[in-house]
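Residue numbers (this note's numbering), protein chains in the order written: chain A, 1 to 509; chain B, 1001 to 1132. Here a beta-carbon is modelled for each residue, glycine too, at the ideal position from N, C-alpha and C. Since the model is a prediction, treat every value here as computed from it, not as a measurement. Presented below is the structure to which this report refers.
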Ligand SMILES: Cc1cc2nc3c(=O)[nH]c(=O)nc-3n(C[C@H](O)[C@H](O)[C@H](O)COP(=O)(O)O)c2cc1C
Ligand code: SF4
Ligand code: FES
Ligand code: FES
């Protein structure tokens, strides 16, 4: 019998280790031959720990399982049980998705290369090895893939620039510094299907002529880092990495590096400085990293999700990927639904689903049962959207047009108990703490902003225009999006929820 | 430089002042540069922490699920503020901005072990287990 209990950090955080131990112990007591697979998460976090059993009809699920449930599950022969959810694939949250990047996450043993291949892994890399670098870049360009790290820059164009640059050494750097609140797709991918990221990076290396790569992950992700490190070792031993990738004669060496708790190191040039062993200070652009990146050499810097989308694009063709989505937002986006929601987790779908569908239909509204007040989309630099924005289709253009951003596609839902003045204050405080210190509007402006919000909270109406002026200065005078976009959450809070900034607030309370 | 600092901190629980000149020399950079790099990153401590380190997430998704009250409860239970260590040296309390556990918020991490949906009762268990 094959039983699956996830090793994903979110599953562990709610007790998966104890459930796995209980399964092993129970199987031993009963003398049953059980093969326990520690898979990634299916992304239905409210059902974790989700236990699955292989049956002739497909995998069936139980969740959320506690260690105390395990003996009864064995007694019932993994049949009727209050925690039974039926066939995993038929659970509506999963069934409604279009899983391209996350097709294998939660399905396979993340560290089994044979299983990876049996589920379509390596097809993209094998295809790429038959193509010229230009043809690989062309396929990625045709897919319409845009950077999933936040800026949404077309991946094919970035690769073309690096391919065209002359240099003895080029690099592929994966940005796995996933610092945005409400996001965890990079983590889930690294924990649930790390070979996909390795394969995507190897394809990027072939496309641009790079022979070395780095994954820059974060110290807040010890579980992901452990799996990723093991996967690199396995891939190297199997010849997927190293001097002779899959016997092609092409070299690609890959290393995992871990950050040290600085949000700004997710910004690509700060990340490169950090990789070089320096302070994670943002560099002025130009020069762009594609031309002068790591150690001054042409470098592809891409988010985990951008790189992990590539194997499927090569295997199935750019057109198949581009068939999903709307407008200039092509393909699928792994939404991360978090905060105060009933059904939180990862939902991969084509661009175009509306914000309201995501929050009401997919996430099932708030966990608290109270009305939704605001949804922050795109991390700590993203705008707070009121219910009035629920008709917005999820796409780069639609969110930019509404004074917000898609970012890394995290959505954080707040119920009506949230005080938006406090959230605005937090955005500025976060910016002050995480500023790299290079430009004054960000470094000093954020600190001043916190003071100004405190004045508003104390009832000083005259401080409101000061806050908007300050945000304007930060927007225009900041070198990177930390200082430049912090005004989004602040101003959206002020614009959509003026009552929370009402001047007589303190007096009235 | 980061891999070295991580290794030193993993070994000693902090980066001792004596270590920096050695690191600087090994990397052929000035002491001031080494100091500058170390101080830039929130992870590195220049003084020892408690035997255990509890990080509580302060970011938005956790706030939406009551992390501010949780943090306040933790501070009261332990009798320390952020970055403080309990008088018996058992536990240091640190803030963290997102552990990627935003769909099972509020989240915390005890010595690298992830914990989701933390409430006051769970917090008390954690503190007791850690000897605080
Ligand atoms: C303050 C700040 C933090 C960022 N954090 C991340 C991050 O954690 N992960 C990421 O991929 N991109 C992040 N970015 C965006 C990167 O600078 C860059 O655009 C991205 O890595 C490029 O890859 P992509 O084209 O695949 O998105 C951040 C940007 C800023 C300004
Ligand atoms: S905006 Fe802030 S984080 Fe970005 S470069 Fe300027 S000081 Fe650094
Ligand atoms: S590095 Fe943050 S202000 Fe100097
Ligand atoms: S916001 Fe707390 S874990 Fe992500």
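Legend entry - CB contact check: residue 509 of chain A to chain B, cutoff 9 Å: Low confidence applies here, because residue 509 of chain A scores a pLDDT of 48, under 50, leaving its location unreliable and the question unanswered by this model.
Legend entry - Residues passing the C-beta test against ligand 4 heavy atoms, cut-off 5 Å: A/181, B/1057, B/1059, B/1061, B/1062, B/1098, B/1099, B/1101, B/1102 and B/1107
Legend entry - Cβ-based contacts, 8 Å cut-off: residues of the stretch 366–378 of chain A near chain B: 367 and 376
Legend entry - Neighbour list for residue 1013 of chain B in chain A, Cβ cutoff strictly below 9 Å: By Cβ distance, chain A contributes nothing, its closest Cβ being about 15 Å from residue 1013 of chain B, past 9 Å.
Legend entry - Supposed contact pair residue 1116 of chain B and residue 10 of chain A - C-beta distance, whole angstroms, cut 8 Å: 6 Å
Inset, instruction - Could you tell me if residue 1081 of chain B is buried or exposed, where buried requires 16 or more neighbouring beta carbons within 10 angstroms of its beta carbon? - result: exposed
Legend entry - Sequence-distant residues of its chain with Cβ nearer than 6 Å to residue 266 of chain A (five each side left out): 177 and 179
Legend entry - C-beta neighbour in chain A for residue 1016 of chain B, strict 9 Å: no
Inset, instruction - Specify, as a first and last residue, the run of the beta strand (DSSP E) that residue 292 of chain A falls within. - result: Careful: residue 292 of chain A lies outside any beta strand (DSSP E) and carries neither H nor E.
Inset, instruction - Out of A/221, A/202, A/218 and A/220, point me to the one whose CA is closest to residue 212 of chain A's CA. - result: A/202
Legend entry - Option in A/87, A/62 and A/63 with minimal Cα separation from residue 56 of chain A: A/87
Inset, instruction - Spell out a yes or no on whether the stretch 1081–1093 of chain B and the stretch 424–444 of chain A are touching, meaning 3 or more CB-CB pairs, one atom from each, closer than 8 Å. - result: no
Legend entry - Nearest-angstrom Cα separation, counted from residue 1050 of chain B out to residue 380 of chain A: 30 Å
Legend entry - Segment limits, beta strand (DSSP E) that includes residue 415 of chain A: 410–415
Inset, instruction - Give me the Cα-Cα distance between residue 329 of chain A and residue 355 of chain A, rounded to the nearest whole angstrom. - result: 15 Å
Legend entry - Contacts around residue 1023 of chain B, its chain only, beta-carbon distance under 8 Å, and the 5 residues preceding and following it disregarded: 1001, 1004, 1005, 1008 and 1034
Legend entry - Amino acids of chain A, ordered along the chain, whose beta-carbon sits closer than 7 Å to that of residue 1134 of chain B: Because chain B here runs from 1001 to 1132, residue 1134 of chain B falls outside it and cannot be looked at.
Inset, instruction - Determine which residues of the stretch 407–432 of chain A have a Cβ less than 8 Å from any Cβ of chain B, and write them out in chain order. - result: 410, 412, 413, 414, 415, 418, 423, 426 and 430
Inset, instruction - Round the Cβ separation of residue 1052 of chain B and residue 1108 of chain B to the nearest angstrom and send it over; I've been treating them as touching at under 8 Å. - result: 12 Å between Cβ atoms; not a contact.
Inset, instruction - Please work out which residues of its chain come closer than 7 Å, Cβ to Cβ, to residue 26 of chain A, disregarding the five sequence neighbours upstream and downstream, and give them in chain order. - result: 70, 71 and 74
Legend entry - Partner residues on chain A for residue 1096 of chain B, Cβ-Cβ distance less than 7 Å: 220
Inset, instruction - Express the C-alpha separation of residue 497 of chain A and residue 419 of chain A in angstroms, rounding to a whole number. - result: 9 Å
Legend entry - Spatial neighbours of residue 167 of chain A in its chain, beta-carbon cut-off 6 Å, leaving aside the 5 residues before and after: 297 and 298
Legend entry - residue 285 of chain A CB to nearest heavy atom of ligand 2 below 8 Å: no
Inset, instruction - Just tell me which of A/156, A/151 and A/66 has its CA closest to the CA of residue 135 of chain A. - result: A/156
Inset, instruction - Compute the Euclidean distance between the alpha carbons of residue 429 of chain A and residue 1069 of chain B, then round it to the nearest angstrom. - result: 18 Å
Inset, instruction - Kindly list the residues whose CB is nearer than 7 Å to the CB of residue 263 of chain A, restricted to its own chain and excluding five residues on each side of it in sequence; keep chain order. - result: 179 and 434
Inset, instruction - Kindly list, in the order they appear in chain B, the residues whose Cβ is closer than 7 Å to that of residue 10 of chain A. - result: 1101, 1103, 1104 and 1116
Inset, instruction - Just tell me which of A/468, A/486, A/399 and A/395 has its CA closest to the CA of residue 532 of chain A. - result: In the structure as shown, chain A begins at 1 and stops at 509. Residue 532 of chain A is therefore absent and cannot be evaluated.
Legend entry - Same chain, Cβ closer than 6 Å to residue 306 of chain A, five either side skipped, listed in chain order: 147, 148 and 155
Inset, instruction - List the residues of chain B whose Cβ lies closer than 8 Å to the Cβ of residue 278 of chain A, in chain order. - result: 1001 and 1037
Legend entry - Which listed residue (A/182, A/309 and A/244) has its alpha carbon closest to that of residue 384 of chain A: A/182
Legend entry - heavy atom of ligand 2 below 8 Å from residue 519 of chain A C-beta: Limits of chain A in this structure are 1 at one end and 509 at the other, which puts residue 519 of chain A out of reach.
Inset, instruction - Using three-state DSSP, classify residue 1052 of chain B as helix, strand or coil. - result: strand
Inset, instruction - Measure the C-alpha to C-alpha separation of residue 5 of chain A and residue 225 of chain A and round it to an integer number of angstroms. - result: 19 Å
Inset, instruction - Would you grab the beta carbon distance between residue 340 of chain A and residue 245 of chain A for me? Rounded to a whole angstrom, and I think it's under 8 Å. - result: Actually they do not touch by this definition, with Cβ atoms about 46 Å apart.
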